[in-house]
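Novice: Structure provided below as structure tokens; questions to follow.
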Amino acid sequence: MKYLANDLGYYGEFGGAFIPEMLQPNVDALKACYKEIIDSYEFKQEFIDLLKNYVGRPSPLYFAKRLSEHYGTKIYLKREDLNHTGSHKVNNTIGQILLAKKMGKKRIIAETGAGQHGVATATVCALMDLECVVYMGATDIERQMPNVKRMEMLGATVIPAESGNKTLKDATNEALRDWINNPEDTYYLIGSVVGPHPYPEIVAKFQSIISEEIGWQLDEQIGRTAPDYIIACVGGGSNAAGVFYHYLDDENVKLIAVEASGLGIKTNETAATMACGDVGFIHGSKTLLMQDGDGQIIEPYSISAGLDYPGIGPFHANLFKTGRAKYIDATDREALDAAYLLTKIEGIIPALESAHALAALEKLSFKPNDVVVVNISGRGDKDMDTYIKNIVSSHWSLNRPLT
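Residue numbers (the working numbering): 1331 to 1733.
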């Protein structure tokens, strides 16, 4: 597949492993063994069994009848929100925890923004009886407290990141520092398609179960394996990588990724990397990120903690550069309105991250017979405080009839 990483971990001009010398042994050890481990029959069987009997896969592909009528096309929702732990993140943590155990690691560290990856990591660490430390921005801890309490109940130690704007970027920085200081027994379980090679490749591979299922689920329901459009939100980009994966070489499938533009791309309060960023280096890879003229990272903003990141994974930087995928953006207000609409007419409360993907439906033109798949990457339980605070300022009312 021409859009996947080469042997050096590059997606076109993006990727690689640009890391401190002290991290080189850790990354080298991972590169030396990960392919052999994850390609082994034993690993695959254990991974598939846990996805089925622990996570609850396959996740449904749901035909959203009322949403389809509203937009005049055929919309299917890939229900990753129904996975154990409430998002797509567990697909990756199941795979990486098995990899860590095969490598003999006893201590797991992770970064998290919205808390979904932190919860998924804490969950698999409890399952495998491994120590778990999760770094989370202090700002995100305040706005995602239910997930913080879930992590702690699962036995994880949650450490706040107090630097920068105290969000996902800063949590990732702290996790990398921890890994440098604890190379022998610690495995860094990265949550998105970011970081030094081979992490983007590993995460995309484990998340590819999403698009693999879509193929046969569509075939069962409508007698075809490929949709016309696939839409997903993107911060670092793991859920989008997973839902795009098996359709990368099918140019008939239009891939749409939706970034968080916060208060707007013309303001300083945005996280829309593709609209506002350029080539640079962040967290061990060459990619696209928001930076000033001196190469210093511009702090991002989004109402969604999971999309509040100043860069994007090299997987996506290459899809953007080559034009294989279209990257658009949605503001806080547009995402909130999309979430309220889905709740009103389908009885599904999406995560704020997924709400950005849903906002794309207002921005695109579809034909009546188009098949559109939207990835609902997580459920909205964790965002209820934000939804409740904002609904009074929305043009939506939970009791207002649809127009």
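We put the CB at the ideal spot given by N, CA and C, even for glycine.
Could you tell me which whole alpha helix (DSSP H) segments of length 4 or greater appear in the stretch 1541-1619?
Specialist: Complete alpha helix (DSSP H) runs here, min 4: 1568-1574 and 1603-1606.
Novice: Determine the DSSP secondary structure at G1345, reduced to helix, strand or coil.
Specialist: G1345 falls in the strand class under three-state DSSP.
Novice: To the nearest angstrom, how far is it from the Cα of I1612 to the Cα of E1504?
Specialist: The alpha-carbon atoms of I1612 and E1504 are separated by roughly 13 Å.
Novice: If we call anything under 8 Å between Cβ atoms a contact, is V1357 one with P1630?
Specialist: Contact: no.
Novice: Which partner residues of M1714 appear in the DSSP bridge assignment?
Specialist: Answer by DSSP bridge pairing: none, since M1714 is not bridged.
Novice: Taking the C-alpha atoms as reference points, what is the distance between L1397 and I1679?
Specialist: Their backbone Cα atoms lie some 13 Å apart in a straight line.
Novice: May I have the straight-line CA-CA distance separating R1387 from L1381, to the nearest angstrom?
Specialist: Roughly 6 Å separates the two Cα atoms.
Novice: In three-state terms, what does DSSP make of Y1631?
Specialist: Note: Y1631 maps to coil in three-state DSSP.
Novice: Fully enclosed by the stretch 1377-1415, which alpha helix (DSSP H) runs are 4 residues long or longer?
Specialist: You should have 1395-1401.
Novice: So, helix, strand or coil for Y1518, using DSSP?
Specialist: Looking at Y1518 - three-state DSSP - the assignment turns out to be strand.
Novice: Inspect the beta-carbon positions of S1632 and A1570 and report whether they are closer than 8 Å.
Specialist: Against a cut-off of 8 Å, the Cβ pair of A1570 and S1632 comes out as no contact.
Novice: Considering only DSSP beta bridges, list what S1417 is partnered with.
Specialist: Paired residue(s): G1708.
Novice: Starting from E1441 and walking both ways along the beta strand (DSSP E), at which residues does that stretch end?
Specialist: From DSSP, the beta strand (DSSP E) with E1441 extends over R1437 to T1442.
Novice: Helix, strand or coil for K1496 per DSSP?
Specialist: Reduced to three states, the DSSP call for K1496 is coil.
Novice: Counting only the same chain and skipping the five closest in sequence on each side, list residues whose C-beta sits under 7 Å from that of G1416.
Specialist: Excluding residues within five positions, the ones whose Cβ falls inside 7 Å are Q1446, G1708, R1709 and D1711.
Novice: Rounding to the nearest angstrom, what Cα-Cα distance links S1389 and K1395 in this structure?
Specialist: Cα-Cα distance, rounded: 18 Å.
Novice: For S1522, tell me which candidate among I1471, E1372, I1405 and S1538 has the shortest Cα-Cα distance.
Specialist: Per the Cα distances, S1538.
Novice: Compute the beta-carbon to beta-carbon distance between I1439 and V1463, rounded to the nearest angstrom, for a pair I have assumed lies under 8 Å.
Specialist: Going by Cβ atoms, the distance from I1439 to V1463 rounds to 5 Å, so yes, they are a contact pair.
Novice: Taking the alpha carbon of Y1529 as the point to measure from, which residue in M1714, K1332 and F1348 has its own alpha carbon closest?
Specialist: Checked all of M1714, K1332 and F1348; the closest Cα to Y1529 is F1348.
Novice: Helix, strand or coil for Q1621? Go by DSSP, reduced to three states.
Specialist: Q1621 falls in the strand class under three-state DSSP.
Novice: Report the three-state DSSP secondary structure of Y1529 (helix, strand or coil).
Specialist: Helix.
Novice: Tell me whether G1467 sits in a helix, a strand or coil according to DSSP, three-state version.
Specialist: Reduced to three states, the DSSP call for G1467 is strand.
Novice: May I have the straight-line CA-CA distance separating C1363 from A1647, to the nearest angstrom?
Specialist: Going by the C-alpha atoms only, they are around 26 Å apart.
Novice: Can you give me the Cβ contacts of V1738 inside the same chain, cut-off strictly under 6 Å, excluding the 5 residues immediately before and after it?
Specialist: There is simply no residue 1738 to check, as the chain begins at 1331 and stops at 1733 in what is shown.
Novice: Could you tell me the distance, in whole angstroms, from the CA atom of S1615 to the CA atom of A1635?
Specialist: Approximately 22 Å, taken between the alpha carbons.
Novice: G1641 and L1619 look like a contact to me (Cβ under 8 Å); what is the Cβ gap, rounded to whole Å?
Specialist: Right, their Cβ atoms sit about 3 Å apart.
Novice: For the stretch 1450-1458 and the stretch 1572-1588, state whether three or more C-beta atom pairs, one from each stretch, are separated by less than 8 Å.
Specialist: Result no; under three Cβ-Cβ pairs closer than 8 Å.
Novice: By a C-beta neighbour count over all protein chains shown, 10 Å radius and 16 as the cutoff for buried, is I1378 buried or exposed?
Specialist: That one is exposed.
Novice: If you reduce the DSSP assignment to three classes, tell me which class P1350 lands in.
Specialist: DSSP places P1350 in coil when its eight states are reduced to three.
Novice: Assuming W1509 contacts T1516 (C-beta within less than 8 Å), just tell me the rounded distance between them.
Specialist: At roughly 6 Å, the Cβ-Cβ gap stays under 8 Å, so W1509 and T1516 are in contact.
Novice: Hey, how far is the Cα of D1369 from the Cα of E1683?
Specialist: Taking the straight line from one Cα to the other gives about 32 Å.
Novice: To the nearest angstrom, report how far apart Y1575 and G1494 are at their CA atoms.
Specialist: For Y1575 and G1494, the distance between alpha carbons rounds to 33 Å.
Novice: Look at the Cβ atom of Y1670, then the Cβ atom of G1566, and state whether they are nearer than 8 Å.
Specialist: No, these two residues do not count as a Cβ contact at 8 Å.
Novice: Count the other C-beta atoms from every protein chain shown that fall within 10 angstroms of the C-beta of I1718, then say buried if there are 16 or more, exposed otherwise.
Specialist: The residue in question, I1718, is exposed, as its Cβ has fewer than 16 Cβ neighbours within 10 Å.
Novice: Quick one: is E1343 buried, meaning 16 or more other Cβ sit within 10 Å of its Cβ, or exposed?
Specialist: Its Cβ having fewer than 16 others within 10 Å, E1343 is exposed.
Novice: Where do the ends of the alpha helix (DSSP H) carrying Y1670 lie?
Specialist: Segment D1662 to E1676, the alpha helix (DSSP H) holding Y1670.
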